[in-house]
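Enquirer: Chains as they are written, first to last, in my numbering: chain D, 1 to 133; chain H, 1001 to 1391; chain G, 2001 to 2111; chain Y, 3001 to 3237.
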Amino acid sequence: MNIEEYKRPEPRQPEARLSEWFSPTKRGVGGWAFLLHRLTGIVLVFYLLLHFSVLSYLARGPEAYQAALQFLDNPLFVALEVALIAAVVYHGLNGLRLLLMALNLGVKQQKAMFWVVFVLSALTTLVAAVYMF
Amino acid sequence: MKKPHVVVIGGGATGAALAHDLTLRGLRVTVVERGEVTSGTTGRHHGLLHSGARYAVKDQESAKECIEENMILRKIAPGSFELNNGLFVAITDEDMAYRPAFLEGLETCGIPYKEITPQEALAREPNLNPAVKAAVEVPDGTMDAMRLPLRFLATAQQHGAVVLTYTEVEEILMQGKAVVGVRVRDHVTEKTYNIGADLVVNAGGAWSGKIAALAGVHVPLQPSPGVLVAVYGRWNNMVLNRMHRSGDGDIIVPQRTLSVIGTSSWVVEDPDKLEMKKEHIQLMYDYGAQLVPAIRNAKLRAAWAAARPLIGSEGGAQTGRELSRTFKCFDHAERDGVEGFVTIAGGKATTARGMAEVTANVVVQKLGLDAPCRTREVVLLPHTAYYRRRM
Amino acid sequence: MTSGKNTWVWQALSGLLLVFLLGLHLFANHFMADGLLTYDDVVAYLSNPLILVLEVLFLAAVLYHAVLGVRAIMLDRGISAQQERTLTRALTVVGVALFLYGVWLFWVILT
Amino acid sequence: MAEVTFKIYRYKPGAIDPPRYDTFKLDVEAHETVLDILERLRLDDPTLTYRHSCHHGSCGTCGMMVNGKEVLACVTRVLDLGTETVVVEPLRHLPLVSDLVVDMTPFFEKYEPIGMPYLRESEYLPEGQPPPEVGTYMRFESCLECGLCLSACPVVGTDPAYLGPAALAAAARVVQEPRGQDVARVLQMVDTEQGCWRCHSAMECSEVCPNDVDPGGMIMYLRRELLTGKTLSGGKR
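(1) Could you please tell me which residues of the segment 1288-1318 of chain H, in chain order, have their CB closer than 8 Å to any CB of chain D?
(2) So is Y/L3163 in contact with chain G if we call contact Cβ pairs under 7 Å?
(3) To the nearest angstrom, how far is it from the Cα of G/V2094 to the Cα of G/T2086?
(4) With 7 Å as the threshold, decide whether the Cβ of D/Y6 is near any Cβ in chain H.
(5) Of all the CB atoms in chain G, is at least one closer than 7 Å to the CB of D/Y90?
(6) From the DSSP output, in three-state form, read off H/S1246 for me.
(7) Could you tell me which of G/W2104, G/A2028, G/L2068 sits nearest to G/A2090, measuring between CA atoms?
(8) Can you list, in chain order, the residues of its chain whose CB lies under 7 Å from that of Y/V3213, leaving out five sequence neighbours each side?
(9) From G/L2021 to Y/E3225, what distance separates their C-alpha atoms?
(10) Which whole runs of the alpha helix (DSSP H) in the segment 3017-3054 of chain Y are 4 residues long or more, in chain order?
(11) Does the segment 1036-1049 of chain H touch the segment 1249-1268 of chain H, meaning 3 or more C-beta pairs lie closer than 8 Å?
(12) Once the 5 residues before and after Y/A3015 are set aside, which same chain residues still bring their CB inside 8 Å of it?
(13) What's the C-alpha gap between Y/P3126 and Y/V3088?
(14) According to DSSP, H/N1194 sits in a beta bridge with which residue or residues?
(15) Look up H/G1346 in the DSSP assignment and give the residues it is bridged to.
(16) What separation, rounded to the nearest whole angstrom, lies between the Cα atoms of Y/G3164 and H/F1152?
(17) In whole angstroms, give me the CA-to-CA distance for G/A2066 and D/V43.
(18) By how many angstroms is the C-alpha of G/L2026 removed from the C-alpha of D/T124?
(19) Quick one: what's got a C-beta closer than 7 Å to D/L120's C-beta in the same chain, skipping five residues either side?
(20) Please check the pair H/G1354 and H/E1068, which I expect to be a contact at CB under 8 Å, by giving their CB distance rounded to whole angstroms.
(21) Is H/N1129 buried or exposed, if buried means 16 or more other CB atoms sit within 10 Å of its CB?
(22) Determine the direct distance from the alpha carbon of H/A1307 to that of H/F1102, and round the result to whole angstroms.
(23) Quickly, what does DSSP pair H/Q1222 with across the bridge? List them, please.
(24) At least one CB of chain Y closer than 7 Å to the CB of D/M1: is that the case?
(25) Which residues of chain G have a Cβ atom closer than 8 Å to the Cβ of Y/P3160, listed in chain order?
(26) Quick one: does G/L2098 have its CB under 7 Å from some CB of chain Y?
(27) Quick check: the Cα distance between G/A2081 and Y/D3159, rounded to an integer number of angstroms?
(28) Could you list which residues in chain Y have their beta carbon closer than 8 Å to that of H/Y1166, in chain order?
(29) Looking at the C-beta of Y/P3154, does it have a partner C-beta in chain D at a distance below 7 Å?
(30) So G/V2056 contacts chain D; which residues on that side make the cut at Cβ distance below 7 Å?
(31) Once you ignore the five residues that flank Y/H3200 on each side, which residues in its own chain have a CB closer than 8 Å to its CB?
(32) For the candidate residues Y/G3147, Y/G3115, Y/T3085, whose alpha-carbon lies nearest to that of Y/V3183?
(33) Is the segment 1073-1084 of chain H in contact with the segment 1169-1176 of chain H, if contact means three or more CB pairs nearer than 8 Å?
(34) The alpha helix (DSSP H) that contains H/K1064, what's its start and end?
(35) Ordered along the chain, which non-local residues of its own chain (more than five positions away) have a Cβ less than 7 Å from that of D/Y57?
(36) Helix or strand or just coil, what does DSSP make of H/V1132?
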């Protein structure tokens, strides 16, 4: 074969893999902070829709609303609400961390800030759980 | 008539500069390199743009080549060098005894220099050994020895050269006693194919002896490795040299955020089998600390063995220190009766352009062309152009 | 198309606003008046005009922040400029619809 | 000296396709790096392809994944990894040529809108006055253009249009030290949704950067500049 007849194949293009967002092979806490922020964000969007549908019972009068509330008043839903509070608090506090970083404040301390966010979220969730159960 | 086609074996500094020179002279050029470009001899560089001062006493031929090329490269490749100058410092009385010969050598070789007081040297390089007795400033510099060849290649590509990486020469194709091309293996697919050529140039650096053997000819090449040690921290801003006869560990080149101490020297037969001499790492630290005492505690980033492609003496070299750093172009037609095959060997990264000029002169003369060298003036494209998409 | 900075700044500002409004929302809902456990509690709660204004503001901020968040995730998937325009339009419609629905809900409860 | 098992990613279009891992057991010395091991392996198997040049982390050619993390093979000592098995794979998010070799073309394309000063003034040894003919001490940019940050970035993985950490860090350098370049134009180039506003501050780029360029921090710097508009009204230099 001569060079005129030979052609090296094109390189294999990288695939866009969404699984990478959620893969546990993170390199630093910043990667985890981002993953948690994204996960809690998605969870909160779904909760928002759920919240809207629960509140729609308000439009059907007091009885319907009361029935809906009673349906939700069991340990499973209370546990889910605790998880929801964890998500909300983390998303909010980490959002503040991201805002500070964008103002070039504490970028070098971003890991420490994550742990502060994490511990505060855990404590708040704990307090809420004790209060709610 | 179709333009003559030259195959250059080796994608290091020499092959890159040669491809650039030949394309400027209107030839078609294909560079074949068995690995990534600049992964062989060039890839183990010290990163020193020589002023020639290091060779000013013992190897004046090489020293003159260095200062001439140094000045040309500054013009054609701005941005590839840190123009920090170099400082030769005398620490001991023995170094001081070398000083007159050193200054005389600089004069003889036409290397511009300026003697500065030890106080001034210390003011400019606070980490320098305070025992400094004399200091001479010369136009050394730090070079990006990977990106400079990329700039040669990018400019050559712009003028039509083809660069084939991961393409290893398996056979040099002959018709009778004439070289007519190469048979290569593409390591991306492991397929082999032939590349026809009007002329083949062997620019294999430390490997050029092995490549010449494929054509049945002998090149007196002596791969001479040395250990280099890169440490974290930029301990000096100028290139620091010991003012004495070239010895071990007497240069510290600041490179980016690192400092590179070099080097030791011995000789081997096969450049693929350089065993790294572990004990030389400590040696480099010890010698480096004579120039910059604080470097003793610098954190090690990397240590590696680099093979200089020196032209051997027929008697066989002991350490490589006694061999000249100059280069030589072998036309195997007059030497070995093999037509269409040229080897360029020896030299240093600093003199790559000059080596290419001499070789290209031989190539065009052999091909019966009249095309002058233009690489002294043409300013090179940036290294990023090497990665530009080409259709 | 909005500039990258504007989108980001609005996402940040609505987020910042939410930290306060959500705190208020949760506090008012669960601690003031011992929680909104009945329909009448809700009606009484919303009858306070200040609360009503804050709740509508909260509704808007939460929807805006959520819509921008979903859009950011979709952008990260590497969609084309055309897809981005379609997506932005679709999300705007969804956001506005949900806002109107929320306002309608307040109105139904109060009347 | 210790025995280490190496799992090396192999791919050759048409020849080794789908990819596979080759396993080797080797005795490794304390000073040996992942690059040293690859060079040893290539002596026996010349078909193994990988990128490398300088052997001391100055050129940025030998970026690859070792045990799932982006590193420069030449400054990664095998025994320092502390694992019995060492997995070596090509960088992510770049086209794969063969084995561990990626095509860097898309990486450099991201620089095109920005341009980049290759030399900068050396900030080290400020007390050392440069000689008159030198003007000022110069050094190369810290960025090695190795592509590790691109491989580590979770956004680059799914959105090839994102400018990415390396180019944004280069842009930030222009803003910090303009050297005659048009700062306003560079800021405009990065002030887009595919520019510095796409980053989600995962800081994985800064985590893997082998030369402390801190691309994530540089992106945050760009944001601050764009949010406050300081540079345009005459900030640092």
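We put the beta carbon where it would ideally sit given N, CA and C, even for glycine.
Expert: From the atom records:
(1) none
(2) no
(3) 12 Å
(4) yes
(5) no
(6) coil
(7) G/L2068
(8) S3142, C3143, A3169
(9) 29 Å
(10) 3034-3044
(11) yes
(12) none
(13) Any answer about Y/P3126 is weak, because its pLDDT of 49 lies below 50 and its placement is not dependable; what the coordinates show is given next. For Y/P3126 and Y/V3088, the distance between alpha carbons rounds to 41 Å.
(14) D/N2, H/R1183
(15) H/F1327
(16) 28 Å
(17) 11 Å
(18) 13 Å
(19) L93
(20) 7 Å
(21) buried
(22) 27 Å
(23) H/L1310
(24) no
(25) G2078
(26) no
(27) 12 Å
(28) T3049, V3097, S3098, V3101
(29) yes
(30) Residues of chain D passing the Cβ test: none, with the nearest at roughly 14 Å.
(31) P3154, V3155
(32) Y/G3115
(33) no
(34) 1060-1076
(35) A64, Y65, A68
(36) coil
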